[in-house]
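If you count the sequence shown from 1, you need to add 318 to reach the numbering used here.
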Amino acid sequence: MKKSRFALAAAAALAITTLVTGCTGNADSGANDPAGVKDAAAEKVVVGIDVPFHPIYAYMQGKSDELFADTDYTVEFTVLDATTQVPAFGRGDLDVITTVPSFQPRIKEQYGIDTSYFFPMARWTPGPELLVAPGSTATSIEDLAGKRVAIAPLASRFGGEQAAVMAATGERIDEYFELVETDAAAQELAQGRVDAAFLEAPATAPLLEDGYTPIFNVQQAFEEAFGDPGVMNGGFITSTAFAEQNPEFIATLVEVTQEVWTLFQEDPATVIAVASEVSGVPPEQLELVGQVLNLTDMTEEQKRVSQRDVETWTELYPLLQESGFIAEAPKDPASLFIVSAG
Numbered sequence: 319m320k321k322s323r324f325a326l327a328a329a330a331a332l333a334i335t336t337l338v339t340g341c342t343g344n345a346d347s348g349a350n351d352p353a354g355v356k357d358a359a360a361e362k363v364v365v366g367i368d369v370p371f372h373p374i375y376a377y378m379q380g381k382s383d384e385l386f387a388d389t390d391y392t393v394e395f396t397v398l399d400a401t402t403q404v405p406a407f408g409r410g411d412l413d414v415i416t417t418v419p420s421f422q423p424r425i426k427e428q429y430g431i432d433t434s435y436f437f438p439m440a441r442w443t444p445g446p447e448l449l450v451a452p453g454s455t456a457t458s459i460e461d462l463a464g465k466r467v468a469i470a471p472l473a474s475r476f477g478g479e480q481a482a483v484m485a486a487t488g489e490r491i492d493e494y495f496e497l498v499e500t501d502a503a504a505q506e507l508a509q510g511r512v513d514a515a516f517l518e519a520p521a522t523a524p525l526l527e528d529g530y531t532p533i534f535n536v537q538q539a540f541e542e543a544f545g546d547p548g549v550m551n552g553g554f555i556t557s558t559a560f561a562e563q564n565p566e567f568i569a570t571l572v573e574v575t576q577e578v579w580t581l582f583q584e585d586p587a588t589v590i591a592v593a594s595e596v597s598g599v600p601p602e603q604l605e606l607v608g609q610v611l612n613l614t615d616m617t618e619e620q621k622r623v624s625q626r627d628v629e630t631w632t633e634l635y636p637l638l639q640e641s642g643f644i645a646e647a648p649k650d651p652a653s654l655f656i657v658s659a660g
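Quick look at the structure:
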């Protein structure tokens, strides 16, 4: 039984990790030409994500014709991977991508594209957690200063752990800890080769059952630093030029996504059945992803970009710069977001 728990947790953990690392592709093309931005009402709009594991996205992919039947838009939802989604956006093959605000400065640096984030598909609740083994005397992040801490390679992450440690300690993660970057962080902790490990649900589930204890998490750090209990991460991003030329499409995509999200909260089995058929992902894994992303419990306020979200990211970007995740914090962070109406 324990073997199956670990296998399912590992599969879903891989999905979640990839969901929020969609900007790790190589910069293999130049910037989009703003003069060539399409009219969304006249052409097909292509929306991308880098995994097939998000149940709401997969449902929209399968029901696109029906969901947009009463609009002026033909929308294609496509699935790429973490190495191809952003380069495809850079080439102009995608109009909308699904990734984290922490990568918007990187897109600007790599492709010269100004971007606008306009809908959150996930939030850090609680996000990555710092776990210690049963019997550990550590009860806080301060107790682990200078200790061996395992984490997935930082190049594969999205800046959450780096910014959280900077917010809590004032130091970079690789300076505060003796950092062990590995794809097997849970195993390193379980085998006693490190003092703690940064892990994310559902990979944390079997360890918690075995008595491992979380003593720090990203949500906790951000809530203490910013007063925000659910910082938005992966979501819809487009070029600012496209958003300015197609505000009606942006509003329509937000409205449709919110409606599907509400359907998921009221009737998850229906959404998961379609999503499983479209994606090929077993229903139980999609259910687990829904739990990990806390999709069922998201409030109406959290299913939109709010002014509070903008204020949080305005404070987060300098931390990402200090932590080494981005080269330079945006000078006008508010310009990177479209606050939802209502």
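Here a beta-carbon is modelled for each residue, glycine too, at the ideal position from N, C-alpha and C.
Through-space distance from residue j to residue i, alpha-carbon basis
i: E646; j: R424; result: 9 Å
i: Y429; j: D461; result: 41 Å
i: V512; j: R441; result: 28 Å
i: G608; j: R490; result: 32 Å
i: R626; j: T588; result: 32 Å
i: T522; j: V628; result: 30 Å
Cβ pair residue i, residue j closer than 8 Å
i: P446; j: G488; result: no
i: P419; j: W631; result: yes
i: Y719; j: A451; result: Past the boundaries of the shown model lies residue 719; the chain is included only from 319 to 660, so the question cannot be answered.
i: A514; j: A456; result: yes
i: E499; j: I533; result: no
i: I415; j: A561; result: no
i: T556; j: Q583; result: no
i: A503; j: L517; result: yes
i: Q537; j: P444; result: yes
Secondary structure of residue i, DSSP reduced to three states
i: F495; result: coil
i: Y435; result: strand
i: T342; result: Only weak support is given to the placement of T342: the predicted model assigns it a pLDDT of 41, under 50, and the question is left unresolved by the model.
i: V397; result: strand
i: T455; result: coil
i: P532; result: strand
i: D650; result: coil
i: T416; result: strand
i: I656; result: coil
Residue-chain proximity (residue i, chain C), Cβ-Cβ < 8 Å
i: L581; result: Chain labels in this structure do not include chain C; a single protein chain is all it has.
Endpoints, the alpha helix (DSSP H) within which residue i is located
i: T632; result: 625-640
i: F516; result: Premise fails: F516 lies in the beta strand (DSSP E), 514-517, not in any alpha helix (DSSP H).
i: E577; result: 565-584
i: L507; result: 503-508
i: G366; result: Premise fails: G366 lies in the beta strand (DSSP E), 362-367, not in any alpha helix (DSSP H).
i: V404; result: 403-409
Whole-angstrom C-beta distance between residue j and residue i, which should lie under 8 Å
i: V393; j: V355; result: Not quite, the Cβ-Cβ distance comes to about 16 Å (not below 8 Å), so this is no contact.
i: A376; j: V623; result: Not really, about 22 Å apart at Cβ, beyond 8 Å.
i: A358; j: F567; result: 4 Å
Segment limits, beta strand (DSSP E) that includes residue i
i: T556; result: 553-557
i: V607; result: Premise fails: V607 lies in the alpha helix (DSSP H), 601-610, not in any beta strand (DSSP E).
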